[in-house]
Structures are given as C-alpha cells and as structure tokens.
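Below is one structure, written out as structure tokens; comments come after it.
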Amino acid sequence: MRGPLARLARSSRLSRFARPRRRLPRRTVRLRLTLLYGALFLLCGAGALAVTYVLVRHSVAPEGDVTLLRAPGDRGLPGGPALPFDVGAEQVVARAEAALAEQRRDVLRQLVVQSGTALAMLVVLVLALSWWVAGRVLRRLSTITATAREISATNLHRRLALAGPDDELKELGDTFDELLGRLEASFEAQRRFVANASHELRTPLARQRAIGQVALDDPDATVASLRAAHERVLAAGEQQERLIEAMLTLVRGHAGIDVRHPFDLGEVVTGVVEARRTPDVALRTAIGPCPVSGHRALAERLVVNLVDNAIRHNAPGGWVEVRCGSGALTVANTGPVVPADEVGRIFQPFQRLGRARTGHGLGLGLSIVRAIATAHGARVTAAPREGGGLVVEVVFG
C-alpha cells in the first residue's frame, strides 16, 4: 500500500508544480503607449517637484549669517522686537530661531506630501487620458487589422478608404489599398491566364482525339491514311509542347532573376537575326555593343520572340528593322494596322488582334517579352506605325 500511496502523492505534487502559469496580459501598443505617456509625465512631474522644493527651501532659508532675532543692546534689525531686560535674552532668541527652523521644515514637509499626492492623482488621470487618446489614435489601425483579416482571394475588391488627417496611419491605409489593388490585378490576370491556357490546351487535345477516332472508325483505312493521321496527331502534340514550353517560360519570367551576369545583348541579337533571315521579309539591322546584366538565355528568348513576332505578323514583301545599342533594343516591322487603343492588349496572354493576327503563333510571344523584361528591370513600350506595323522598344536599366 505504501508504494501506490507514495506514487499518488508524488504525482499530486508533480501535477501541482506542473500547473500552467497564469499568462500575463498581452502587451498591446495601446498599453505600451499608455505606460510610456504615464512614465514620461511621472518623470517630468518629479523633476518639477524637485525644482520647486529646492526653490522654496532656498527662499525660506536665512541668507548667510543673518540672525532674525537679537538680544537687547545688540545692533539688530530695524524695527526688531524689544526684549525685556529681566528675561534671558539668549534663551528666548534661541527658542525663537528653533521655532522658525521647525516651521520651515514643516512647510517643506507639507510641500513634499501635498505635491506628491497631487502628482500621484495626476499620474492616474494622465494614465486614463493616455489610454483614451491611444485608443482614439489607434482606432484606424484596428480597422486596418480587422479588414485585413476579413479579406481573402474572393473579395480583393474591398478597400480601406481611411478618412481623417493625412498622417502616417492614413498613409499606411493607402499603401494597403494599393497592395490590394496589385493583388487583385495579379489574381485576375492569373484567372484569365488559367482559363485561356486551359482553352488553348483543350484545342489540340480535341484535335488529337478527333483524328484518332476518325482513323479508328474508318473501315477502309490504309497504311497511308493511318500514317497521315499519325502525322497529324504528332503535329498536334508538337503544338502542345510549344505551348507548354511557352507557358513555362512565361512563368519563369514572372518569377524573376536570382543571379545576374553581365553579357553583350548585341551579340545575342546578332545571332538571333542571322538565324532568322528569310527571303520573304527583309531584315535591316543596326547592332552595336550593348552591355547589360541579367540572364542571357532569357534575354535571348526575349529577342527571339520579338523578331519572330515581327516576321510572323508582316505584310508580303515587308521588312523588319532591328536596332540595338546603348542599353536599348528596338524592333520595328511592316504589317497590318494596329489600333493605338489596342496596343496594350497584345501584351496579355493569348490575346490576338483581328483576323490578320489570328491563327499564327500561340498568343504568348509579347507576354513572354514583357515578363522577361520585367524580370530584368527593363521597360517595354509599343507603338503602332503609320501605314501598319508595330514598333517595340525594350530599354534595360
């Protein structure tokens, strides 16, 4: 019996010591501001009380060796009290001076006590007022916190729209609203990209399925017809590969560049242009040294997309002009007329303008260009040419 009882007693002692400690109240900004204001007021009040005490003590204390009362026959103060000759004058003077000294000490003691009491009451009042003022000041911060907790990916359209004076809290609220705007635009672009990508991938898959189904349902299929169907399926698969590779490049461009290396953009442009000379479109070049910093492979893909886009969307017997130098790359071409208000659309994924620009490519060329340029800290601008065509300029920082 002793063993179980001992274990029970030991477990009770351990459980008593293992009880969780009571958590202290959370030190909020409002509480810290209140304590800070109270501490500052207490220090200032204590300093003022000390200065007042020194001044009062100096004002009521006798200066130098001045004696307030003198014995009869001494040259005392004008109008001083006259003492009778039959009383011990020295004793009376000593008692009077002792009484005055005790009165001075009592005045100073009352000054300290009453001033300390008043200071303590004022500290309590200041703490209450500081708590109220801090709450008023931080009310907008509480609004920001509550709204941030409620906002999710489904209601990014909400905004704080803080009112009040143009102070740091309003600046914080405006910055948060700007962040919500960028997040909303990013989420919306992601949704559009996913919807467009699923549509673009569904088309070659449906084509492959239709080609295979027709070939299997043909009772008179021959080796030649099956080979032709297989070649068409391979072509659709190649289109899917190019689309997936383009989307991966677009995502990689949006991800940014971790490590930058210097390279000559002019050499990259020269290699791309020489590999794409064709008798159908005249290529004009003005390429010089162009040192930049970034990811050479991604920059080469940027140049390839710009040149291919200019060659693909061109007019019969047209031309493409490529200029590179001083940190800037410009590609201009002839081709169909591009409305000025529609230029921004061609940088969006899977966006094509009109029939003249439909059916060629994947609709990701200029989107990849902008993503890679943004990753390099470069600026991309596009402007339509008079008579048709487009001028795209990429300026590296």
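1 is the number of the first residue of the sequence shown in full-length UniProt numbering; add one for each residue after it. Glycine included, every Cβ here is placed at the ideal spot set by N, Cα and C. These figures come from a predicted structure and were not determined experimentally.
- By the Cβ-count criterion, His-261 is exposed, with fewer than 16 other Cβ atoms from all chains shown falling within 10 Å of its own Cβ.
- Under the Cβ criterion (8 Å, minimum of three pairs), the segment 155-167 does not count as touching the segment 50-62.
- Between the alpha carbons of Gln-348 and Val-214 lies a gap of roughly 36 Å.
- When secondary structure is reduced to three states using DSSP, His-261 falls in the strand class.
- In the three-state reduction of the DSSP assignment, Val-331 falls in the strand class, which pools E and B.
- For the segment 138-202, the continuous alpha helix (DSSP H) assignments of 4+ residues that do not extend past its boundaries occur at 139-150, in sequence order.
- Asn-314 is not a Cβ neighbour of Gly-365, given a cutoff of 9 Å.
- Excluding five sequence positions before and after Leu-127, the CB atoms of its chain that fall closer than 7 Å to its own CB belong to Thr-34 and Gly-38, given in chain order.
- The three-state secondary structure of Pro-204, taken from DSSP, is helix.
- Assignment of Ala-229 by DSSP, reduced to helix, strand and coil, places it in the helix class.
- Ranked by how close their Cα comes to the Cα of Ala-375, the residues Gly-389, Pro-384 and Gly-397 have Gly-397 in first place.
- DSSP lists His-261 as the beta-bridge partner residues of Gly-294.
- Non-local C-beta neighbours of Val-395 in its own chain, meaning closer than 7 Å and more than five positions away in sequence, comprise Gly-327, Ala-328, Ala-378 and Arg-379, ordered along the chain.
- Closest in alpha carbon position to Leu-234, among Arg-209, Tyr-53, Asp-217 and Gly-389, is Arg-209.
- Approximately 7 Å separates the beta-carbon atoms of Val-322 and Val-307; this is inside 8 Å, confirming the contact.
- Across the structure, Val-223 and Arg-207 are spaced so that their CA atoms are roughly 20 Å apart.
- Our two residues, Ala-99 and Val-113, have alpha carbons roughly 21 Å apart in a direct line.
- With respect to Arg-296, Val-268 sits close: the two C-beta atoms are nearer than 9 Å.
- In chain order, Gly-38, Phe-41, Leu-42 and Gly-45 place their CB closer than 8 Å to the CB of Val-123, counting only its own chain and leaving out the 5 sequence neighbours on each side.
- The three-state secondary structure of Arg-312, taken from DSSP, is helix.
- DSSP places Val-56 in no beta strand (DSSP E) but in the uninterrupted alpha helix (DSSP H) bounded by 29-60.
- When DSSP states are grouped into helix, strand and coil, Glu-386 belongs to the coil group.
- For the 9 Å CB-CB criterion, Val-320 and Val-281 form a contact.
- For Arg-370, the uninterrupted alpha helix (DSSP H) segment begins and ends at 365-375.
- Around the Cβ of Ile-311, a 10 Å sphere holds 16 or more other Cβ atoms; the residue is buried.
- When secondary structure is reduced to three states using DSSP, Gly-237 falls in the helix class.
- Only residues of its own chain outside the window of five on either side were considered, and among them Thr-330 and Thr-381 have a CB closer than 6 Å to the CB of Glu-393, listed in chain order.
- Membership of Ile-287 in the beta strand (DSSP E) is indicated by the continuous run 282-287.
- Residue pairing from DSSP places Glu-321 in a beta bridge opposite Arg-284 and Ala-332.
- If you ignore the 5 residues before and after Ile-257, its C-beta comes within less than 8 Å of the C-beta of Gly-294, His-295, Leu-298, Ala-375 and His-376, all in its own chain and listed in chain order.
- Taking 9 Å as the cut-off, the beta carbon of Leu-138 is found closer than this to the beta carbon of Val-29.
- A straight line joining the alpha-carbon of Ser-142 with that of Trp-132 spans about 14 Å.
- A distance below 9 Å separates the beta carbons of Arg-385 and Asn-333.
- When secondary structure is reduced to three states using DSSP, Thr-222 falls in the coil class, being assigned neither helix nor strand.
- Between Ile-346 and Leu-302, the CB-CB gap reaches or exceeds 9 Å.
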